[in-house]
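Q: I'd like to ask some things about the structure below.
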Amino acid sequence: MFYKSYTTYLFLYFYLIGCCITQAAAQFPNLDALRDSIDTNPQYAYKMAQKIEQNALHDSIRADALTIQAHAILQISPHKDTKKAIYTHQKALELRRQAFGQQSKEVAYSLINLGNTFWENLQEGQTALPYYLQAIQIWETYKLEKSNTTSPFLPSDYDTFLFGNTERIVADIYLLQRDFPLAQQFSERATTHLVWERGEWLFAAHLALMKALFYNDRKSEALNQAEKVQNINLTTEQKATLYGAMADCLMDKNSTIADKSNALIYYKKALFFLTDKTAKSERSKYFNKLGSYYLALEKKDSALFYFKNALNVLPKKGFSDLQSVYLTNIGNVYRQSKQFDEAQKYYTLSLAQAALTKTTQGETLDALTELAYAYSDQALQNNNWQAALNAYIAAIEHLETYQNQLTSTKSALILRGYYYPLFGCAAEACVHLGQAQQALIWAERGKAFLLKAQSSLTLQDIQNELVNTKKRFLIYSFGRQSLTIFVVTATQFYPLSIETSGIAENVKKLFETIRARPQNGSGFFHEEAHFLYQKLIAQTGIQRGEDLTIVPDGILHYLPFEVLLTEKPKTPTRFNLYAYLLNAHTISYRPSAFWTAPNKEKTAGMSDEILAFAPSFNQKHQDLEPLLHNQREVDAIGQVWRSKILRGGEATKNNFIDQVEHHKLIHISTHGIPDGDYPENSYLAFSNDRNNNGLFYISDLDSLKLNADLVVLSACETAFGRYYGGEGPMSIARAFLASGSKGVVATLWQVNDNLTTDLMTTFYTELKQGVAVEAALQTAKKQFAEGEKANPAHPYFWAAFTFSGDNAKKPINTEGVFGRVFFEKKGVLGIILLIAVAVFYLYFRFGQNSLKH
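Here numbering that gives the first Met the number 0 is used: the first residue of the sequence shown is 0, the next is one more, and so on.
Below is the structure:
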């Protein structure tokens, strides 16, 4: 009995000890060892993690065990059980939030795990992105808090590398979404955080930064990045990737022939380092690059050879997106060879491949676009414009769906600019099909997309605006084979198809000739001006005295139509005798016929006086030259129209921001500096003050809501900017229209400070009489063009000033004969005069009526 009871007690003793050890192991397990076993024995890791989760008392340990389970699931069956892994990671996330708090580093780890599952296993970048961004935000907050304390739990190198790589992944996702500014931002941060990692992650971050810089039109900086990357100890495959990226930078469409030759060398170097059988997908990419190079040179046989090699080398599984790209490129070779049936076959195959994966919006758009071009090329031979139109519509619909997914305005601009010709092509096809109104809708649907915010205006709205006026709209739209001019009056609407040869070349030459200050024996532009009149105006049926509203397209945004010549001059040196279009017509411009000014009627309670700025500068102020006549200019305006004038030290950026929203009429006489590479960095210069350097960037307008009837930007190149397809020049003037201004007078090139005073004085004198803005500007410019008052007649001195916007409502003039007297210091006399007029009116109105009865 004793033996049995002793044995029983001994068994119970060891059992209890075992339970305690098991329980202790569950509460304090060796999770690091278990994590290490995931790669070698995922089944074991999963089962052990399950037991730990079931027995653990602390949420933190349960969360760690769930995380191990999720990773093990993906090792055991990555495709079958991805949803189960996501669910397990989400459970771990909730437990960590309970255990550590919403903003803890541990929560950030779970968010990264979820992001990785969606990104690496499902290729769902759009779904993964919010998880990554939340993790990065938590990490930044955590790091800042720890750096401001004496906490021993400072961020480790591992943490820094982990979150740096997360930033790199985010950059890669933004690259795929063509959100290049954000891709650049996150890849720059990643290279900083991974600088000591010096491995695959750092290389990938530099590569992402190279691509982002390249697609942000910073090619030289992208190549500088390549130089930095070469200092990293690279593998053979990484060298190939780097050489391929360098070649991409050199193969830009604007590159020199020498750059493109070097690109060819780099592509071949990349192929040299990719002879290993495991690098088939990379080798196929460089075959494709070589094919693109030869296609650009119109060496179709070589291009076809490399494209087909790219397709043949590519693994058949898992690369549907690349197969789609290569099939599209083969189709491009056949289209260039005018083998349209073959081209359409490959484009259709490309679309079928693109449909196999969710990450190929861009590839689908490329294939749809090229297919549409193939149909339009074929339509020239077979006259099958309906097939071409259907293909264009399919591509446009996909473009607009894809565009709505982008998070960056600039990326939307880049994407839409690249595919903008689709809209003009659809319009062109409709013209051939006799669908004039639908053609106009397609043409205008592509213009000023961001500016007009999807306006619902119609042709009838435009014609209603023209009732009881002498106005005519001329709306231009470039297609693939022709330029369409839509002519709109109150009672007429019809399209004209114009052959495009010579238009772009002559516009460019005319613009460059006029904007360069003429010297003796230079500055002649009459040949180009008359040629363009014949192409763009002569066939439109305009009558002398009609007001023209021009809606330009493409390069026509840089053409001041006022300088076009209705006939060639007999004496080219006598600029004041030229038969300018200006002489017979007032001319205004609109970004789109379907655009209308925002806040059109919201001007109640705003001041009618002119708010005028004339800053002062010195050489120390951002290297800006002093303006000698801008204060004289605003003083002259003040003599014409009641004005609130801020001169010199009062004309600051802060005063502009504080007051500009409260005035209907705004005049700024200053320096305008456009930034060709980064339009958002274009600025107007105000006087320096203590708080800032006085530079008002057009991005600063985002925080302002203007309701001005008219803004006059009397500064250099305020209507000039980098062109984005469909949007036009991204200029300072356009930014003011986007901010709510109904109309903007701005300049296409650098203007003379002294002579601008004369032009503006005449302009405001005319405006005071109640005439429309474009008519007032016409009179002011004719004073120069006709050589009045010894003013220079060459268009350089007057044609830079253009009016863009909506002038259906004239700027309110409070300064007529009576109003001006009333508002000036002699207000009493004004009141007496007004009373006298009222008495006379009442006498004749009611006195005479009583006599008749």
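For glycine and all other residues, C-beta sits at the position ideal for the given N, C-alpha and C.
If you're wondering where the values come from, they're calculated on a predicted model, not measured in any experiment.
Exposed or buried, lysine 409, counting other C-beta atoms within 10 Å across all chains shown (16 or more means buried)?
A: Its Cβ being crowded by 16 or more others within 10 Å, lysine 409 is buried.
Q: Among the residues of its own chain, which have a CB less than 6 Å from the CB of glycine 630, if the five just before and after it don't count?
A: The question names glycine, but residue 630 in the sequence shown is glutamine. The answer, listed in chain order, is Ala613 and Arg646.
Q: Thinking just about the alpha-carbon of each residue, which of Ser642, Ser521 and Arg415 is nearest to the one in alanine 394?
A: Among Ser642, Ser521 and Arg415, the Cα nearest to that of alanine 394 belongs to Arg415.
Q: Quick check: isoleucine 636 and histidine 661, are their CB atoms within less than 8 Å of each other?
A: For isoleucine 636 and histidine 661, no; Cβs fall outside 8 Å.
Q: Have a look at Ala98, His192, Phe185 and Lys238 and flag the residue whose alpha-carbon is nearest the alpha-carbon of lysine 142.
A: Of Ala98, His192, Phe185 and Lys238, the residue nearest in Cα terms is His192.
Q: I'd like the list of long-range same chain contacts for glutamine 343, defined as Cβ closer than 7 Å, with 5 residues on each side in sequence excluded.
A: Result list for glutamine 343: Leu370 and Ala373, in chain order.
Q: Keeping to the same chain, check which residues put their C-beta closer than 6 Å to that of asparagine 112; ignore five residues upstream and five downstream.
A: His88, listed in sequence order.
Q: May I have the straight-line CA-CA distance separating isoleucine 413 from arginine 217, to the nearest angstrom?
A: When rounded, the distance between both Cα atoms is 14 Å.
Q: For leucine 700 versus phenylalanine 655, is the C-beta spacing smaller than 8 Å?
A: No; because the gap between Cβ atoms is not below 8 Å, this pair is not in contact.
Q: So, using beta-carbon positions, are alanine 221 and leucine 212 closer together than 8 Å?
A: Yes; because the gap between Cβ atoms is below 8 Å, this pair is in contact.
Q: Roughly how many whole angstroms lie between the Cα atoms of alanine 387 and lysine 451?
A: Between alanine 387 and lysine 451, the C-alpha separation is close to 28 Å.
Q: Within 10 angstroms of its Cβ, does valine 466 collect 16 or more other Cβ (buried), or is it exposed?
A: Exposed, since its Cβ has fewer than 16 Cβ neighbours within 10 Å.
Q: For the region 580-656, which segments carrying the beta strand (DSSP E) assignment without a break, of at least 3 residues, lie completely within its bounds, in sequence order?
A: Counting only runs of 3 or more, we get 586-588, 606-613 and 642-646.
Q: Any idea what DSSP makes of aspartate 688, helix, strand or coil?
A: Aspartate 688: coil per DSSP, three-state reduction.
Q: State yes or no: is the C-beta of alanine 583 within less than 8 Å of the C-beta of glycine 544?
A: Yes, the pair counts as a contact, with Cβ atoms nearer than the cut-off.
Q: In this structure, how does DSSP classify threonine 235 when only helix, strand and coil are distinguished?
A: Residue state, collapsed to three classes: helix.
Q: Secondary structure at isoleucine 541, three-state DSSP: helix, strand or coil?
A: It is coil, neither helix nor strand.
Q: Please classify valine 506: is it buried, with 16 or more other beta-carbons within 10 angstroms of its beta-carbon, or exposed?
A: By the 10 Å Cβ count, valine 506 comes out buried.
Q: Rounding to the nearest angstrom, what Cα-Cα distance links threonine 756 and valine 711 in this structure?
A: So the alpha carbons of these two residues sit roughly 13 Å apart.
Q: Give the C-beta separation of alanine 792 and phenylalanine 574 to the nearest angstrom, bearing in mind that I take them to be a contact with Cβ-Cβ under 8 Å.
A: At roughly 4 Å, the Cβ-Cβ gap stays under 8 Å, so alanine 792 and phenylalanine 574 are in contact.
Q: If you follow the beta strand (DSSP E) that arginine 471 is in, where does it begin and where does it stop?
A: Per DSSP, arginine 471 belongs to the beta strand (DSSP E) from 470-477.
Q: Taking serine 730 as the reference, which of Phe510, Val106, Pro673 and Lys569 has the closest Cα?
A: Cα-wise, what sits closest to serine 730 is Pro673.
Q: Please confirm if the region 279-288 is in contact with the region 304-316, defined as three or more CB-CB distances below 8 Å between the two stretches.
A: The region 279-288 vs the region 304-316: in contact.
Q: Please check the pair leucine 208 and alanine 225, which I expect to be a contact at CB under 8 Å, by giving their CB distance rounded to whole angstroms.
A: 10 Å between Cβ atoms; not a contact.
Q: Counting C-beta neighbours from all protein chains within 10 Å, is the total for asparagine 328 16 or more, i.e. buried, or is it exposed?
A: Buried, by the Cβ-count rule.
Q: CA-CA distance, lysine 469 and alanine 707?
A: Between lysine 469 and alanine 707, the C-alpha separation is close to 25 Å.
Q: Can you list, in chain order, the residues of its chain with a C-beta nearer than 8 Å to that of asparagine 751? Leave out the 5 residues immediately preceding and following it.
A: These residues qualify, in order along the chain: Phe796.
Q: Count the other CB atoms within 10 Å of the CB of leucine 509; is the residue buried (16 or more) or exposed (fewer)?
A: Its Cβ being crowded by 16 or more others within 10 Å, leucine 509 is buried.
Q: Taking just the CA atoms, how far does leucine 626 sit from glutamate 123?
A: Near 56 Å, if we compare the C-alpha coordinates of leucine 626 and glutamate 123.
Q: Start and end of the alpha helix (DSSP H) containing arginine 61?
A: 58-75 is the extent of the alpha helix (DSSP H) around arginine 61.
Q: May I have the straight-line CA-CA distance separating alanine 32 from threonine 81, to the nearest angstrom?
A: Each residue's alpha carbon lies about 24 Å from the other.
Q: With C-beta atoms as the reference, is glutamate 561 less than 8 Å away from leucine 535?
A: Not in contact: glutamate 561 and leucine 535 (Cβ atoms no closer than 8 Å).
Q: Please report the distance separating the alpha-carbon of tyrosine 14 from that of glycine 100.
A: Low confidence applies here, because tyrosine 14 scores a pLDDT of 44, under 50, leaving its location unreliable and the question unanswered by this model.
Q: Which whole-angstrom value describes the C-beta separation of alanine 438 and alanine 447, a residue pair presumed to lie in contact below a C-beta threshold of 8 Å?
A: That pair is no contact at about 18 Å.
Q: Could you spell out where the alpha helix (DSSP H) holding alanine 732 opens and where it closes?
A: Here the alpha helix (DSSP H) through alanine 732 covers 731-737.
Q: Quick one: what's got a C-beta closer than 7 Å to glutamate 787's C-beta in the same chain, skipping five residues either side?
A: Within the same chain, glutamate 787 has no close Cβ partners at all.
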